[in-house]
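Everything on this sheet refers to the single structure shown next.
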Amino acid sequence: MNTVRTVSDTKRAFYGAHTHPINSIYRRVVDELMVEMHLLTVNQHFVYSPIYALGVVTTFDRFMQGYRPESDVSSIFNALCAAVGGDSGKYRQDAEQLKSSLNGVAWEQLVKTDASGPAGDALKALVNAPHFKYTRLFAIGLYTMLEQIDAPASQDDAQRQTLLGELATTLSLSNERIEKDLELYRGNLDKMAQAQQAIADTIAAERKRRDQREQEKAAAAATADATSDDESAADADGTATDDDSQTAS
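Here my numbering is used: the first residue of the sequence shown is 501, the next is one more, and so on.
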């Protein structure tokens, strides 16, 4: 009998693979993505798809922008995928191949599942899947595909809803749910960008204060040196005057 992996098992595997602490606001991002991927992958109806992989990769990359040290980002993603029984290399490869296959493809081709290559194959597989389970990360994958094919339309609420609605109909999905999930995703991206900017501003302000303190210290030291030199010169003048007086006597 197979034992279903628990959230605790997944977190233990993750922190066993990535042993460095994760910075402040990014910790919540990683934990939430990890739990979401865990709950999906242990579901008996979950079907891995390059579109899902694109959603995972896009979500991770966009929310982890600005992470320091940058060298830890790959380690975090590798550990995240491995913790849920996945392969980070496969996720990235499938996501990149899917995006590349969209070059020169019209949205209508996707809606009619007429597109060839990874994008068309992924959609056809899902249309024929008996127990396809919708996920928020899948919706983000669809949204990223729209960005790749028609970036202006992806930023226009009316056009985005219409185009994604057409594809939702093809896949027998709820467009309302897709739009709700994407609204939350876009809103969280904005909040993350604001938080990152606030952190950057705080770091810049602290650096400015530190530089100012160093300048003040340097100025104080220079003043002290100048005062010391003046006193030494005055002492020297006084000694010379005394010597002259004695000589004159």
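Don't be surprised by glycine CBs; every beta carbon is placed ideally from N, CA and C.
Local conformation of ALA615 per DSSP, three classes:
For the purposes of this step, residue 615 is identified with residue 115 of the sequence shown, where counting begins at 1. ALA615 falls in the coil class under three-state DSSP.
Give the secondary structure of TYR552 by DSSP, where H, G and I count as helix, E and B as strand, and everything else as coil.
For the purposes of this step, residue 552 is taken as residue 52 along the sequence shown, with counting starting at 1. Reduced to three states, the DSSP call for TYR552 is helix.
Inspect the CB distances between the segment 654 to 668 and the segment 689 to 701 and report whether three or more fall short of 8 Å.
no
Measure the C-alpha to C-alpha separation of VAL542 and GLY586 and round it to an integer number of angstroms.
Along the sequence shown, read from residue 1 onward, the residue named residue 542 stands at position 42. Along the sequence shown, read from residue 1 onward, the residue named residue 586 stands at position 86. Cα-Cα distance, rounded: 12 Å.
Please go through the segment 516 to 596 and give each complete alpha helix (DSSP H) segment of 4 or more residues, from N-terminal end onward.
524 to 541, 550 to 563, 572 to 583
For the alpha helix (DSSP H) containing ASP657, list its first residue and its last residue.
Taking the sequence shown and counting its residues from 1, one reaches residue 657 at position 157. Run containing ASP657: 657 to 670, per the alpha helix (DSSP H) assignment.
Coarse secondary structure for PRO771, derived from DSSP in three states
As displayed, the chain neither begins before 501 nor continues past 749, which places residue 771 out of reach and without an answer.
Could you give the first and the last residue of the continuous alpha helix (DSSP H) run that contains LEU637?
Translated into the one-based positions of the sequence shown, residue 637 becomes position 137. Residues 636 to 649.
Backbone secondary structure at ASN675 - three-state DSSP:
The residue labelled residue 675 in the question sits at position 175 within the sequence shown. Helix, per DSSP.
Expressed to the nearest angstrom, what Euclidean distance is found between the alpha-carbon atoms of LYS624 and ASP711?
As a working note, residue 624 is residue 124 in the sequence shown. As a working note, residue 711 is residue 211 in the sequence shown. Each residue's alpha carbon lies about 60 Å from the other.
Distance check for GLU716 and GLU676, CA to CA, integer angstroms please.
Position 176 of the sequence shown holds residue 676. Position 216 of the sequence shown holds residue 716. Taking the straight line from one Cα to the other gives about 60 Å.
For GLY516, which of GLU570, ILE678, CYS581, TYR567 has the nearest alpha-carbon?
As a position in the sequence shown, residue 516 is number 16, starting the count at 1. Out of GLU570, ILE678, CYS581, TYR567, CYS581 has the C-alpha closest to the C-alpha of GLY516.
Is VAL507 helix, strand or coil by DSSP?
In the sequence shown, counting from the first residue as 1, residue 507 sits at position 7. If DSSP states are grouped into helix, strand and coil, VAL507 belongs with the helices.
Tell me the DSSP secondary structure of ALA720 in three-state form.
Here residue 720 is taken as the residue at index 220 of the sequence shown, counted from 1. It is helical.
Backbone CA spacing between LYS590 and GLN544 [nearest angstrom]:
Working through the sequence shown from its first residue, we reach residue 590 at position 90. Working through the sequence shown from its first residue, we reach residue 544 at position 44. So the two alpha carbons sit approximately 21 Å from each other.
Would you report the Cα separation of PHE514 and HIS538, rounded to the nearest angstrom?
As a working note, residue 514 is residue 14 in the sequence shown. As a working note, residue 538 is residue 38 in the sequence shown. So the alpha carbons of these two residues sit roughly 11 Å apart.
Tell me whether GLU612 is buried or exposed, calling it buried when 16 or more other Cβ atoms sit within 10 Å of its Cβ.
Here residue 612 is taken as the residue at index 112 of the sequence shown, counted from 1. It is worth fixing the name first, because residue 612 is Lys in this sequence and not Glu. When all chains shown are included, LYS612 counts as exposed.
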